[in-house]
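Below you'll find the structure, written out as structure tokens, and then a few comments.
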Amino acid sequence: PHPSALSLSPSSLSVDMVGLQRQIDELAAFSDTPAPSVTRILYSEKDVLARSYIKSLMEEAGLSVREDAVGNIFGRWNGAEAGLAAVATGSHIDAIPYSGKYDGVVGVLGALEAMRVLRRSGFQPRRSLEVIMFTSEEPTRFGISCLGSRLLAGIEAVANALKHVVDGQNNSFFDAAKGAGYDVHQEDLSNMFLTKESYSAFLELHIEQGPILEQEGVSIGIVTAIAAPASIKVEFEGNGGHAGAVLMPARNDAGLAAAELALAVEKHVMESGSIDTVGTVGILELHPGAINSIPSKSHLEIDTRDIDEKRRNTVIEKIQQSATRIAKARGVKLSQFEIVNQDPPALCEGSIINAMEVASQHLNLTHKLMISRAYHDSLFMARVSPMGMIFIPCYKGYSHKPEEYASIEDIANGVKVLALTLAKLSLD
Ligand code: GLV
Ligand code: MN
Ligand code: MN
Ligand code: MN
22 PHPSALSLSP SSLSVDMVGL QRQIDELAAF SDTPAPSVTR ILYSEKDVLA
72 RSYIKSLMEE AGLSVREDAV GNIFGRWNGA EAGLAAVATG SHIDAIPYSG
122 KYDGVVGVLG ALEAMRVLRR SGFQPRRSLE VIMFTSEEPT RFGISCLGSR
172 LLAGIEAVAN ALKHVVDGQN NSFFDAAKGA GYDVHQEDLS NMFLTKESYS
222 AFLELHIEQG PILEQEGVSI GIVTAIAAPA SIKVEFEGNG GHAGAVLMPA
272 RNDAGLAAAE LALAVEKHVM ESGSIDTVGT VGILELHPGA INSIPSKSHL
322 EIDTRDIDEK RRNTVIEKIQ QSATRIAKAR GVKLSQFEIV NQDPPALCEG
372 SIINAMEVAS QHLNLTHKLM ISRAYHDSLF MARVSPMGMI FIPCYKGYSH
422 KPEEYASIED IANGVKVLAL TLAKLSLD
């Protein structure tokens, strides 16, 4: 007979809030932009320093640390029955340009604190417990989101895409990885693919990145599903020319084609009629980028999402039709229309949702079921493991900007629900 996780009394679960806040602040200092903003891009010098910081925290917590070919980092606490599939939890620490210090970080440092909480309580895991720090959840450098978790999920298309991708400075993925100390080769990527026997459950703690929990004064969000994201790269090419000398009727302006497509994205999203459909043109670049030169090339990157995959796909089709129509009308070439990813939504596992609800009740914390409008590594871990997510409130729902904030009390609540759920699943 195994001890029940619920015999862990709420008072035996003590989160070291001072220590956890200090770690969040220390990690935030590894940034390429000044505080309060955080910028930590895949395989940059700051990313490498942040990775060492995480590995040393894992070691201090008594976990055995392993790193895979692309730098996903795993810290394991061996259970009494270490041959069983482990229970894993984690998130990412990369940060998009000028973002904040909580997105992802709460799910990595919080997971490590959950391990320490359980150790301090005297808990002995049956299944091993593992903390995972995923490589490049954010698509900033190579345009591929959830790079590490997609590979773990065995998505061949990503392994193939990594052969060709380059960053803004024309560095290949493999060169960038090598620069960060990862001598990764193409064949290593498929060796990373996990089987469904690796984990019996995967959990992720994350700030909500939306306003609902704070507005409603609820402590814990328990995610039921993650919305379906897609991203698209578009390029238009025209003849360019002198901004004074080429008269308006003679122009084919690639910049105006991009501007028109950006507005079409908004229009097609609104046409869905649902508040759940969103679309963003977050990147819009003009070449050569001189005030007195007609843009000869334009580049857009479009993000569109919905909780309804079919409706999201309809938006993508309409965007493609508009791109073709605009190119024709403006006499420019649509030289690229690439759907970089078009992911289906993921459902959280009923038994994990249930365990999280029980844990919240046990801890006397209010909770509500909700969907995740942001994507997470969990979207892909769900392909190889039963998955569940815990949200905590964040200030005004702010995220992906420097004003992002979550109180240490709210983070500690999330850590406790995580710890109790990990304990429960470890004994299952
Ligand atoms: C997460 O960063 C997302 O873009 O949803
Ligand atoms: Mn993010
Ligand atoms: Mn995140
Ligand atoms: Mn992200």
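Numbering follows mature numbering (1 follows the signal peptide of the UniProt record, and there is no 0), in which position 405 of the sequence shown is assigned residue number 426; successive positions increment by one, without gaps.
Even for Gly, the Cβ is constructed at its ideal location relative to N, Cα and C.
CB contact flag (residue i, residue j, <8 Å)
i	j	result
residue 92	residue 72	yes
residue 107	residue 77	no
residue 124	residue 421	yes
residue 244	residue 401	no
residue 332	residue 295	yes
residue 4	residue 111	Outside the modelled stretch of the chain, which goes from 22 to 449, sits residue 4, for which no answer is possible.
residue 156	residue 215	no
residue 362	residue 166	yes
residue 381	residue 323	no
residue 126	residue 48	yes
Nearest to residue i (by Cα), restricted to the options the options
i	options	result
residue 285	64, 338, 224, 223	338
residue 21	230, 354, 227	Outside the shown range of the chain, which is 22 to 449, sits residue 21, and nothing can be said about it.
residue 265	313, 250, 275	313
residue 370	143, 335, 223	223
residue 96	190, 386, 152	152
residue 119	428, 419, 207, 431	419
residue 249	398, 75, 40	398
residue 75	102, 57, 115	115
residue 334	80, 366, 352, 345	366
residue 169	122, 57, 209, 192	209
residue 282	305, 260, 54	305
residue 392	424, 232, 428, 302	232
Residue i CB to nearest heavy atom of ligand 3 below 7 Å
i	result
residue 324	no
residue 188	no
residue 112	yes
residue 327	no
residue 125	yes
Sequence-distant residues of its chain with Cβ nearer than 7 Å to residue i (five each side left out)
i	result
residue 378	243, 388
residue 348	257, 278, 354, 355
residue 447	100, 108, 146, 147, 148, 150
residue 36	134, 138, 433, 436, 437
residue 336	289, 290, 293, 298, 300, 325
Contact test: residue i Cβ vs ligand 1 heavy atom, cutoff 7 Å
i	result
residue 395	yes
residue 258	no
residue 229	no
residue 159	yes
Cβ neighbours of residue i in the same chain (closer than 6 Å, five flanking residues each side left out)
i	result
residue 82	133, 136, 137
residue 174	401, 404, 405
residue 68	61
residue 2	Because the chain is modelled from 22 through 449, residue 2 falls outside the range shown and cannot be assessed.
residue 431	413, 414
beta-carbon residue i near ligand 2 non-hydrogen atom, thresh 7 Å
i	result
residue 242	no
residue 398	no
residue 46	no
residue 233	no
residue 117	yes
residue 128	no
residue 100	no
residue 421	yes
Cut-off 8 Å between Cβ atoms - residues of its own chain near residue i, not counting five sequence neighbours on either side
i	result
residue 143	33
Original post:
Can you give, in chain order, each stretch of the beta strand (DSSP E) that sits fully within the region 389-414 and has at least 3 residues?
Top reply: 408-413
Subject >> Complete runs of the alpha helix (DSSP H) confined to the region 170-224 [at least 4 residues] >> reply: 177-185, 194-200, 207-212
**OP:** Any chance you could list the beta strand (DSSP E) runs of at least 3 consecutive residues sitting entirely within the region 78-156, in chain order?
**Re:** 85-88, 94-98, 107-113, 116-120, 150-155
Original post:
Which parts of the region 344-369 are runs of the beta strand (DSSP E), unbroken and 3 residues or longer, counting only runs that do not cross its ends?
Top reply: 354-363
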